[in-house]
Amino acid sequence: MIENSKKNIILLILIAGSIVGLGFSIKSQYLRDESSLKAAFEGKFHIGAAMSSRHINNQNQPSIDVLKSHFNSIVAENNMKSGLIQPREGEFNFETADKFIEFGEANDMHIIGHTLIWHSQAPRWFFTDSNGDDVSAEVLTQRMKDHIHTLVGRYKGKVKGWDVVNEAILDDGSWRKSKFYEILGEDFVKLAFQFAHEADPEAALYYNDYSMANEGKRAGVVKMVKNLQDQGIRVDGIGMQGHLGLEHPEIEEFEKSILAYAELGVTVMITELDISVLPSPRRNMGAEISTNVDYQQSLNPYTEGLPENVQNQFDERYLSFFKLFLDHHDKISRVTFWGINDGDSWKNGWPVRGRTDYPLLFNRDNTPKSVVRDIIELAARY
Numbered sequence: 351m352i353e354n355s356k357k358n359i360i361l362l363i364l365i366a367g368s369i370v371g372l373g374f375s376i377k378s379q380y381l382r383d384e385s386s387l388k389a390a391f392e393g394k395f396h397i398g399a400a401m402s403s404r405h406i407n408n409q410n411q412p413s414i415d416v417l418k419s420h421f422n423s424i425v426a427e428n429n430m431k432s433g434l435i436q437p438r439e440g441e442f443n444f445e446t447a448d449k450f451i452e453f454g455e456a457n458d459m460h461i462i463g464h465t466l467i468w469h470s471q472a473p474r475w476f477f478t479d480s481n482g483d484d485v486s487a488e489v490l491t492q493r494m495k496d497h498i499h500t501l502v503g504r505y506k507g508k509v510k511g512w513d514v515v516n517e518a519i520l521d522d523g524s525w526r527k528s529k530f531y532e533i534l535g536e537d538f539v540k541l542a543f544q545f546a547h548e549a550d551p552e553a554a555l556y557y558n559d560y561s562m563a564n565e566g567k568r569a570g571v572v573k574m575v576k577n578l579q580d581q582g583i584r585v586d587g588i589g590m591q592g593h594l595g596l597e598h599p600e601i602e603e604f605e606k607s608i609l610a611y612a613e614l615g616v617t618v619m620i621t622e623l624d625i626s627v628l629p630s631p632r633r634n635m636g637a638e639i640s641t642n643v644d645y646q647q648s649l650n651p652y653t654e655g656l657p658e659n660v661q662n663q664f665d666e667r668y669l670s671f672f673k674l675f676l677d678h679h680d681k682i683s684r685v686t687f688w689g690i691n692d693g694d695s696w697k698n699g700w701p702v703r704g705r706t707d708y709p710l711l712f713n714r715d716n717t718p719k720s721v722v723r724d725i726i727e728l729a730a731r732y
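Heads up: the sequence shown runs through residues 351 to 732, numbered per the numbering used here.
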């Protein structure tokens, strides 16, 4: 009798343990499936991140694990820009770009190419002859064609969309007087889109720029894209670089731009997203990469971590913008962060070198910030 009771107790313990274990297994599976950003935004828009050369060369496995778990789209932060791809005329270096593409294909990522034509990080030879003088319009046109056909053609069918032209319009809506503009005028944008379409007719083609919530830039970009469309040039999307601060830009102005760009009949993408918590050297600063400001301790106040009130501001700011993106998810095809964790971010060194910033959703140790769960819960309500 006693022996049977013992057996019954043991059996009950085993059954209870199995039920608990099953519940834990189900709960763990639920968390794995439902607690990722990419799962939260499935059916709404792609959620992406920029990969640095360290990521591409697999030098930071914990970050790669975060990338695989939370994101379904990738863009190369620097390694497809012209200065790195073709440092000397006719000498292409595809080693790192090839690895980037291979990673994307192996992990079923939506791959974005960045960027074909940009005034910054372009090699000097692109614009000069053997004497150091500016080349003719014909020579620059041919160099653009050769570069775009070679790069886009190499990854035809693999890259889903290209940032064809980057940052051609200034904040006041006027044209940036880059070497491309000085030699070819406004036609350099038209030519770039033509050449990219020739190289891969199936790839989506985008214009990408910063400060896209500014009224002046909004008007300038709309005018430029309308002009291209009137000439029969296909533009599939506009990338709004999301280099944000805690106070600027105003969400209302950002929304006006989403609506204005969508009215052109193109998709809108939020690209290069990060929110800096650090003081800006001046109000409403854009993202002109050549800008540098001397280091001041007052501009680097959070070297030991964020105060609670600043962390709360950061969380609320991200939630407000993601609510905006979700409200307009029918117009937005992709939201891409400029990095994976805080340690990756270019904001630690721009516009002031040596600062400690916290602009992304994952901490330097790759743990998610609490706002990640809040964003996921927000998405579930749409």
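Every residue, glycine too, gets a C-beta built ideally from N, C-alpha and C.
**Study point:** residue 401 - DSSP class collapsed to helix/strand/coil
**Key:** In the structure shown, residue 401 sits in a strand (DSSP, three-state: E or B).
**Study point:** Residue range of the beta strand (DSSP E) that includes residue 684
**Key:** 682 to 687
Practice item. Spell out a yes or no on whether the segment 482 to 498 and the segment 444 to 462 are touching, meaning 3 or more CB-CB pairs, one atom from each, closer than 8 Å. Key: no
Review point. Since residue 550 and residue 516 are thought to touch, with beta carbons under 8 Å apart, how far apart are those beta carbons, to the nearest angstrom?
Key: Not a contact, Cβ separation roughly 18 Å.
Exercise for review: With distances taken Cα to Cα, identify the nearest neighbour of residue 617 among 700, 414, 680.
Suggested key: 680
Review point. Helix, strand or coil: which one does DSSP assign to residue 486?
Key: Judged by DSSP in its simplified three-state form, residue 486 adopts coil rather than helix or strand.
Point to revise | Nonlocal neighbours in the same chain, by C-beta distance under 8 Å from residue 720, ignoring five residues either side | key: 665
Review point. Touch check for the segment 611 to 627 and the segment 581 to 599: three-plus C-beta pairs under 8 Å?
Key: yes
Practice item. Can you grab the Cα-Cα spacing for the pair residue 734 / residue 424, in whole Å? Key: Given a span of 351 to 732 for the chain in the structure shown, any question on residue 734 remains unanswerable.
Review point. I think residue 535 touches residue 569, with their Cβ atoms under 8 Å apart; what is that distance to the nearest whole Å?
Key: Not a contact, Cβ separation roughly 20 Å.
Check your understanding: What first and last residue would you give for the alpha helix (DSSP H) that runs through residue 541?
Key -> 537 to 549
Check your understanding: In terms of alpha-carbon separation, which member of 554, 601, 575 lies closest to residue 563?
Key -> If we check each option's Cα against that of residue 563, 601 comes out closest.
Practice item. Would you tell me roughly how many angstroms separate the C-alpha atoms of residue 725 and residue 703, rounded to the nearest one? Key: 31 Å
Practice item. Give the range of the alpha helix (DSSP H) segment to which residue 670 is assigned. Key: 658 to 677
**Study point:** Residue burial classification, residue 576 (beta-carbon count within 10 angstroms, cutoff 16)
**Key:** exposed
Point to revise | alpha helix (DSSP H) runs wholly inside the segment 412 to 475, at least 4 long, in chain order | key: 432 to 435, 445 to 456
Review point. What whole-angstrom Cβ distance do residue 687 and residue 669 have, given they're in contact under 8 Å?
Key: No, residue 687 and residue 669 are not in contact; Cβ-Cβ is about 15 Å, not under 8 Å.
Check your understanding: Comparing alpha-carbon positions, which option in 700, 694, 731 lies nearest residue 714?
Key -> 694
Practice item. Could you check if residue 691 is buried or exposed, using at least 16 other CB atoms within 10 Å of its CB as the buried criterion? Key: buried
Exercise for review: Have a look at residue 415 and residue 404 and give me their C-alpha separation to the nearest angstrom.
Suggested key: If I take the Cα positions, the gap works out to 14 Å.
Point to revise | Which of helix, strand or coil DSSP assigns to residue 553 | key: Here residue 553 carries a coil assignment [DSSP, helix/strand/coil].
Check your understanding: In whole angstroms, what is the alpha-carbon distance linking residue 429 and residue 454?
Key -> So the alpha carbons of these two residues sit roughly 14 Å apart.
Check your understanding: Since residue 456 contacts residue 512 with CB under 8 Å, what's their CB separation in whole angstroms?
Key -> The beta carbons of residue 456 and residue 512 sit about 21 Å from each other, so the pair does not count as a contact at 8 Å.
Point to revise | Which listed residue (468, 689, 387, 526) has its alpha carbon closest to that of residue 426 | key: A check of alpha carbon separations from residue 426 across 468, 689, 387, 526 identifies 689 as the nearest.
Check your understanding: Near residue 472, what residues of its chain come up, given a Cβ to Cβ distance below 7 Å and the 5 sequence neighbours on each side ignored?
Key -> 432, 433
Review point. Over what stretch of residues does the alpha helix (DSSP H) that includes residue 579 continue unbroken?
Key: 565 to 580
Review point. What does residue 718 pair with, by DSSP beta-bridge criteria?
Key: 712
Practice item. Under 8 Å by Cβ, that's how I've got residue 707 and residue 609 pegged, so tell me the actual separation to the nearest angstrom. Key: At roughly 30 Å, the Cβ-Cβ gap does not stay under 8 Å, so residue 707 and residue 609 are not in contact.
Exercise for review: Could you name the residues of the same chain whose beta carbon sits closer than 7 Å to that of residue 497, not counting the 5 residues immediately before and after it, in chain order?
Suggested key: 432, 436
Exercise for review: Identify whether residue 502 lies in helix, strand or coil by the three-state DSSP scheme.
Suggested key: Assigned with DSSP and collapsed to three states, residue 502 falls in helix.
Check your understanding: So is residue 482 buried or exposed if we call it buried at 16+ other beta carbons inside 10 Å?
Key -> So residue 482 counts as exposed.
Practice item. With a cut-off of 8 Å on the beta carbons, I'd call residue 625 and residue 709 a contact; round off their distance for me. Key: 5 Å
Check your understanding: In this structure, does DSSP put residue 409 in helix, strand or coil?
Key -> coil
Review point. Going by C-alpha distance, which of 391, 678, 464 is nearest residue 611?
Key: 678
Check your understanding: Which term fits residue 409, buried or exposed, when burial requires 16 or more other beta carbons within 10 angstroms of its beta carbon?
Key -> exposed
Review point. From the beta carbon of residue 719, is the nearest beta carbon of chain B less than 8 Å away?
Key: This model lacks chain B altogether; it includes just one protein chain.
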